[in-house]
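Every letter in the sequence shown is one number past the one before it in the UniProt record's numbering, and letter 123, counting from 1, is 123.
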Amino acid sequence: MEETMKEQLLPNNGEDLKKKIWNESKKMWIIAGPAILIRFSTFGVNVVSQAFVGHIGATELAAYSLVYSVLLRFSNGILVGMNSGFGTLHGQAFGAKQYQNLGIYLQQGWIVLPTVSAILCPLLVFAAPILNALGQDQLIAETAGIIALWFIPLTFSFAVLCASNMFLQSQSKIVVLSCLSTFSLLVHVFLSWLLTVRFEFGMTGAMVSTTLAYWIPNVGQIIYIFCGGCRETWRGFTALAFKDLGHTVKIGVSSCLMFSLEFWYNAVLILLSGNMVNAEVSVDALSICLNMNEWAQMISIGFMATASVRVANELGRGNAGAAKFSILMILVTSFSIALVVFVVFIVLRGELAYAFTTSEEVAGGGGSFVASSWV
């Protein structure tokens, strides 16, 4: 009798588990899919730029890598760190249903972050002497000084984008963000090919395409916000944005100190590689490796954001068991995808680098770095 009951119960338990896994997977991917797509597409703009610049020349690739990985990431680290403080304010206001405050915090972000970008602009204006002082190769530093001027509008674009992104993310407007970032990446791929390969405009063509790719999501988000996409939270410009601005800046600065170091880590590695004997090859190979790894890590970052949302949702409902199960599902899924990416990188390590360069020496070094970084 007991054996019969067990036989009847086991299939039901199995079916319940399958249903539970399926339901949690749907909830997970509804959040993770757009979150990964946003980060993958946004970082993909840099990967595409680097790929086209690498086929222009090894010196140009090294110079671009120095500007992006050292100077731009230094300033972006500060902007992202400060913006995380705005994220706390946005989340608290939305959770408390103080919808008008979200519009005020957005305007404060548009005041503070571009101001910080303006303060950091001398890093790009004087890029050549700064990189020379840091021991970089003179030819690479001089080329980087020219490229750095193209990055000035990108820093302001990133500042505006950070504030708008946080405003929309706090309201779960993920689909809008993912559509804009994907469209921007596709346009960037086409324009980069058109300007650098078809019309052979070289570095100028690559940087024009990169600049447009950074500003397309900005324009799209601003149009969406101003044209009624956020009726409850955006009620027009107000002088209240200047009230308690000092307090908001303090929150941003405290957050900046915690988040910036993560951005600056790779900058140190690139600077060290630039002091080696064959600086051009070393910088090129390491930058290819770091960018490929970071692009793959956008998947993990997307899952991290998903875990935060799912756990918060379940704990808010008082369901700790469901929160634990959600974390387990995210861990298993993330690990499975990472394993597939690992195998692809190991198998194709000698070929992937050729997407960024025509130099066999650089491709060989980049492939070795990729393999060692994933082992």
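From the three backbone atoms N, C-alpha and C, an ideal C-beta is built for every residue, glycine too.
Sorted by chain position, which residues of the same chain lie with C-beta nearer than 7 Å to residue i's C-beta, five sequence neighbours on each side aside?
i           : result
residue 76  : 158 and 263
residue 47  : 291 and 295
residue 302 : 32, 35, 36 and 39
residue 217 : 161, 180, 181 and 184
residue 361 : 281
residue 100 : 235
residue 145 : 127 and 128
By Cβ distance below 6 Å, which residues in the same chain neighbour residue i in space, the five residues on each side in sequence not counted?
i           : result
residue 44  : 185
residue 11  : For residue 11, the predicted structure reports a pLDDT of 45, less than 50, and the residue's modelled location is therefore unreliable. A value from the coordinates is still provided. So no residue of the chain qualifies.
residue 279 : 137
residue 135 : 275
residue 255 : 81, 84 and 85
residue 248 : 108
residue 220 : 180
residue 315 : 323
Do residue j and residue i have their beta-carbon atoms positioned less than 8 Å apart in this structure?
i           : j           : result
residue 111 : residue 245 : yes
residue 166 : residue 86  : yes
residue 357 : residue 284 : yes
residue 120 : residue 130 : no
residue 67  : residue 127 : yes
residue 103 : residue 235 : yes
residue 60  : residue 143 : yes
residue 326 : residue 78  : no
residue 187 : residue 213 : yes
residue 58  : residue 359 : yes
residue 89  : residue 225 : no
residue 21  : residue 202 : no
Would you please state the rounded distance, in angstroms, between the beta carbons of residue i and residue j? I believe it to be under 8 Å.
i           : j           : result
residue 63  : residue 140 : 5 Å
residue 229 : residue 176 : 7 Å
residue 322 : residue 73  : That belief does not hold up - the Cβ atoms of residue 322 and residue 73 are roughly 38 Å apart, past 8 Å.
residue 192 : residue 300 : That belief does not hold up - the Cβ atoms of residue 192 and residue 300 are roughly 27 Å apart, past 8 Å.
residue 242 : residue 171 : That belief does not hold up - the Cβ atoms of residue 242 and residue 171 are roughly 23 Å apart, past 8 Å.
By alpha-carbon positions, which one of the options ends up nearest to residue i?
i           : options               : result
residue 54  : 187, 196, 305 and 211 : 196
residue 238 : 26, 60, 105 and 23    : 105
residue 298 : 23, 41 and 326        : 41
residue 330 : 307, 314 and 21       : 307
residue 270 : 257, 286 and 261      : 286
residue 173 : 145, 49 and 231       : 231
residue 150 : 205, 310 and 224      : 205
residue 233 : 198, 202, 169 and 352 : 169
residue 215 : 198, 155, 260 and 226 : 155
residue 113 : 337, 253, 344 and 293 : 253
residue 265 : 23, 337, 29 and 71    : 71
residue 117 : 23, 153, 171 and 97   : 153
residue 344 : 96, 293 and 69        : 293
residue 310 : 17, 25, 18 and 19     : 25
residue 28  : 328, 189 and 96       : 328
Tell me which residues share the same chain as residue i and place their Cβ nearer than 8 Å to its Cβ, disregarding the 5 neighbours each side in the sequence.
i           : result
residue 282 : 273, 274, 276 and 365
residue 115 : none
residue 132 : 138 and 141
residue 257 : 81
residue 125 : 148, 149 and 152
Exercise for the section: Return the chain-ordered ranges of every beta strand (DSSP E) run that is complete within the region 316–364 and spans a minimum of 3 residues. Expected result: Fully enclosed beta strand (DSSP E) runs of 3 or longer: not present.
Exercise for the section: Jot down the residue ranges of each uninterrupted beta strand (DSSP E) in the region 102–178, minimum 3 residues, whole runs only, in chain order. Expected result: Fully enclosed beta strand (DSSP E) runs of 3 or longer: not present.
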